[in-house]
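Numbering (my numbering), first residue to last: 1172 to 1276.
Printed below as a string of structure tokens:
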């Protein structure tokens, strides 16, 4: 049955009729197997999105590490005030996540 016949007859698609078709060598089941590698290789916009996401987050972490190093250089590594200001930096980084998490789900 094709989709037009199902719609005109008012019948619905019954998946049990096609169960195991891909195992029996029937490649015409309307679905194709898609792997993550297949998505990456075939979807150029998704590759660009993923690459930009990785670069963006790597940059954020480099900035975070550089900020910690800057605080330690300015205030001294063994200073208790440097640990306090590093704690403030961590809190400032986490506040948006803490506030927006209940809203975003």
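All C-beta atoms in this analysis are idealised placements derived from N, C-alpha and C, irrespective of residue type, glycine included. Computed from a prediction, not measured in an experiment: that's the story for all the values here.
The segment 1231-1245 makes contact with the segment 1259-1274; the number of CB pairs closer than 8 Å reaches 3 or more. Annotation for residue 1257: 1239, 1242, 1243 place their beta carbon closer than 8 Å to its own, counting only its chain and skipping 5 residues before and after. With contacts defined by Cβ atoms closer than 9 Å, residue 1252 and residue 1246 form a contacting pair.
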